[in-house]
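Peer 1: Adding 3 to a residue's 1-based position in the sequence shown gives its number in the numbering used here. Here it is, the structure in full.
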Amino acid sequence: MWIPLVLVSRLKRVCAAFAGRDSVPAPSAQTSARGETNTRLVHALVACLDRLDPDEDAAAQASDALASSGVSRIDPVGEPFDRTYHRAQGRVDTDDPGRDWTVAGTVIAGWTREEAVLRPAEVWVYRLAQDASRS
4 MWIPLVLVSR LKRVCAAFAG RDSVPAPSAQ TSARGETNTR LVHALVACLD RLDPDEDAAA
64 QASDALASSG VSRIDPVGEP FDRTYHRAQG RVDTDDPGRD WTVAGTVIAG WTREEAVLRP
124 AEVWVYRLAQ DASRS
């Protein structure tokens, strides 16, 4: 995916600021306003990461900036499906009862901050094929 150089440059500056390498002026002296700004910034970085190639340097910097502030990526392939952290986007039939209700693939990664879900991962879920469940 091609991204204009000016956007990549701006993303790098935002990542650096978010990681605390540069000072970012708070919109006000109130803690709640600062927290709201940080939340908007986290959501903006997550949206940028959705559009970047994971192998790009800017994506790595954004991921590092998010990790340093307690934000973790949810990429749950092989884990049991959990509605708290995952949003099912489709099903994949399986003949293996051990795979029933496990995550087959990730459509869009999810994100958590500490224990709060910022965005659930959008996933494909293994389901036992109808004829396999009758055996």
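Backbone N, C-alpha and C define an ideal beta-carbon position, used for all residues, glycine too. Predicted model, so just to flag it, every value in this text is computed and none were measured.
Go ahead and pull the three-state DSSP assignment for A68.
Peer 2: Here A68 sits in helix by DSSP.
Peer 1: Hey, is the region 96 to 108 in contact with the region 40 to 59, meaning 3+ C-beta pairs nearer than 8 angstroms?
Peer 2: With a cut-off of 8 angstroms, the region 40 to 59 and the region 96 to 108 do not count as touching, because too few Cβ pairs lie within range.
Peer 1: Based on Cα-Cα distance, which residue from S75, A132, D134 lies nearest to G113?
Peer 2: The option with the nearest alpha carbon to G113 is S75.
Peer 1: Name the two residues that bound the continuous beta strand (DSSP E) containing V126.
Peer 2: 124 to 131 is the span of the beta strand (DSSP E), which, as asked, contains V126.
Peer 1: Can you say whether Q133 is buried or exposed, counting buried as having 16 or more other CB atoms within 10 angstroms of its CB?
Peer 2: Q133 is exposed by the Cβ-count criterion.
Peer 1: Below 8 angstroms between beta carbons: does that hold for A65 and L44?
Peer 2: Taking 8 angstroms as the Cβ cut-off, A65 and L44 do not qualify as a contacting pair.
Peer 1: Under 8 angstroms between C-beta atoms, does D103 make it to chain E?
Peer 2: In the structure shown, chain E does not exist; there is a single protein chain.
Peer 1: Assign A119 to buried or exposed, taking buried as 16 or more other Cβ atoms, counted over all protein chains shown, within 10 Å of its Cβ.
Peer 2: The residue in question, A119, is exposed, as its Cβ has fewer than 16 Cβ neighbours within 10 Å.
Peer 1: Using a Cβ-Cβ cut-off of 6 angstroms (strictly less than) and excluding sequence neighbours within five positions of V126, which residues of its own chain qualify?
Peer 2: Counting only Cβ-Cβ distances below 6 angstroms, and skipping sequence neighbours, we find H89, V106, T109.
Peer 1: Near W104, what residues of its chain come up, given a Cβ to Cβ distance below 8 angstroms and the 5 sequence neighbours on each side ignored?
Peer 2: P83, F84, V128, Y129, R130.
Peer 1: Specify the secondary structure class of R43 as computed by DSSP and reduced to three states.
Peer 2: Residue state, collapsed to three classes: helix.
Peer 1: Helix, strand or coil for V80, going by three-state DSSP, please let me know.
Peer 2: In the structure shown, V80 sits in coil (DSSP, three-state: anything other than H, G, I, E or B).
Peer 1: Would you decide whether A61 is buried or exposed? Buried here means 16 or more other CB atoms lie within 10 Å of its CB.
Peer 2: So A61 counts as buried.
Peer 1: Can the beta-carbon of E117 be found less than 8 angstroms from the beta-carbon of G73?
Peer 2: For E117 and G73, yes; Cβs fall inside 8 angstroms.
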